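Numbering (my numbering), first residue to last: 620 to 903.
Think of the CB as a built atom: it goes at the ideal place given N, C-alpha and C, for glycine as much as any other residue.
This one's a predicted model, so the numbers in the text were calculated from it and none came from an experiment.
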DNA sequence: CCTGCCGCCTGCGCGC
DNA sequence: TGCGCGCAGGCGGCAG
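See the structure below:
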């Protein structure tokens with residue numbers, strides 16, 4: 620489940636089942652999700668045995684499970700990654716990739732991933748902030764997020780507005796759904812040239828991105844299908860809050876015009892042709 | 001430097 | 001029914 624609200628739902632869910640627990644054994648059922656651990660799956664497993672988790676953390680779409688040793692397990696869900704909590708002995712899921720067993724009597728923590736774009740890695744000294752994600756900008760919910768820095772960086776870019784929103788080095792956590800929703804709320808077109816944006820407009824789009832992600836988080840995130848569920852396998856309810864994403868041909872909630880789907884960056888963008896017209900200064 | 005495109009994977013639904 | 005195609009909440013690496 621990939622954007623900030625969905626990842627935060629997972630982080631909160633994991634907190635109850637990882638913090639303070641000691642790992643008895645880790646099992647890697649498919650090597651691909653640990654490909655970022657260059658020393659290999661066996662080393663990944665060996666390093667984790669006997670270690671104790673602290674409270675999970677998140678920046679943007681990345682989350683990590685700090686260890687009391689000062690290291691961490693860094694995780695990214697990619698397009699289809701999930702963490703699930705299951706009783707010991709529950710049947711293996713089809714896409715089960717990594718299993719954590721604990722020294723106590725409690726349940727297992729499992730990492731599932733159909734497409735395996737996501738994965739886990741062992742971050743040396745990464746408890747505070749893994750160096751692997753030092754290039755990822757703070758997200759809008761981070762108390763230290765610097766709005767002025769975002770505005771400056773956005774306006775310095777020579778690109779289109781949606782590309783910039785998806786650029787995790789400017790602001791993290793925003794993906795295809797919430798970028799489209801923020802653009803709709805701000806009445807902006809995805810190709811709006813960032814260098815022509817006024818500081819106030821930059822601030823406004825950021826505010827909308829934060830607001831829509833906050834609303835989604837409050838109802839458990841967006842779940843179109845069974846790939847996007849929390850650690851207990853439950854869906855979120857924000858799909859009904861979406862104004863444009865996935866709403867091709869249905870009426871714009873503001874003016875009733877049919878929403879358009881357009882190919883963009885090898886995927887899709889949804890917009891209202893009336894309230895989000897093609898801007899004078901566009902970068903595709 | 002910066003920008004943007006491609007490849008990485010599996011599975012599902014659709015049209016033929 | 002079967003098959004091929006397009007499509008899916010992502011990102012890193014690399015070409016230009």
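(message) Tell me whether residue 843, by its Cβ, gets closer than 7 Å to a heavy atom of the ligand NAD.
(response) Annotation note on the ligand NAD: not contained in the displayed structure, which lists no ligands.
(request) Closer than 6 Å by C-beta to residue 699: which residues in its own chain qualify, once you throw out the five before and the five after it? Chain order, please. (result) Within the first chain, numbered from 1, the residue matching residue 699 stands at position 80. So the list reads 732, 733, 734, 846, once near-sequence residues are dropped.
(request) Go ahead and pull the three-state DSSP assignment for residue 797. (result) Here residue 797 refers to the residue found at position 178 when the first chain is read from its first residue. For residue 797, the three-state secondary structure derived from DSSP is helix.
(request) Could you tell me if residue 754 is buried or exposed, where buried requires 16 or more neighbouring beta carbons within 10 angstroms of its beta carbon? (result) Within the first chain, residue 754 is the residue found at index 135, counting from 1. By the 10 Å Cβ count, residue 754 comes out exposed.
(request) Spatial neighbours of residue 881 within its chain, please: CB distance less than 6 Å, with the 5 preceding and 5 following residues excluded, ordered by chain position. (result) Against the first chain, residue 881 aligns to sequence position 262. Excluding sequence neighbours, residue 881 sits near 888.
(request) Return helix, strand or coil for residue 828, following the three-state DSSP convention. (result) Counting from one through the first chain, the residue named residue 828 turns up at place 209. Three-state DSSP puts residue 828 in a helix.
(request) Sort out for me which residues DSSP pairs residue 877 with in a bridge. (result) Translated into the one-based positions of the first chain, residue 877 becomes position 258. 870.
(message) What would DSSP say about residue 654, mapped onto helix, strand or coil?
(response) Here residue 654 corresponds to residue number 35 of the first chain, with the count starting at 1. When secondary structure is reduced to three states using DSSP, residue 654 falls in the coil class, being assigned neither helix nor strand.
(message) When you compare the CB positions of residue 825 and residue 790, do they come within less than 8 Å of one another, or not?
(response) Working through the first chain from its first residue, we reach residue 825 at position 206. Working through the first chain from its first residue, we reach residue 790 at position 171. Cβ distance < 8 Å, so residue 825 and residue 790 count as in contact.
(message) Threshold first: 4 residues or longer. Then list the alpha helix (DSSP H) segments lying entirely within the segment 623-673, N to C.
(response) Listed in chain order, they are 623-637, 660-667.
(message) Tell me whether the segment 806-820 and the segment 770-789 touch, counting them as touching only if at least three CB pairs, one residue from each stretch, are closer than 8 Å.
(response) Contact holds: three or more Cβ-Cβ distances are below 8 Å.
(message) What does the alpha-carbon distance come out to for the pair residue 742 and residue 856?
(response) For the purposes of this step, residue 742 is taken as the residue at position 123 of the first chain. For the purposes of this step, residue 856 is taken as the residue at position 237 of the first chain. Spanning the two alpha carbons is a distance of roughly 33 Å.
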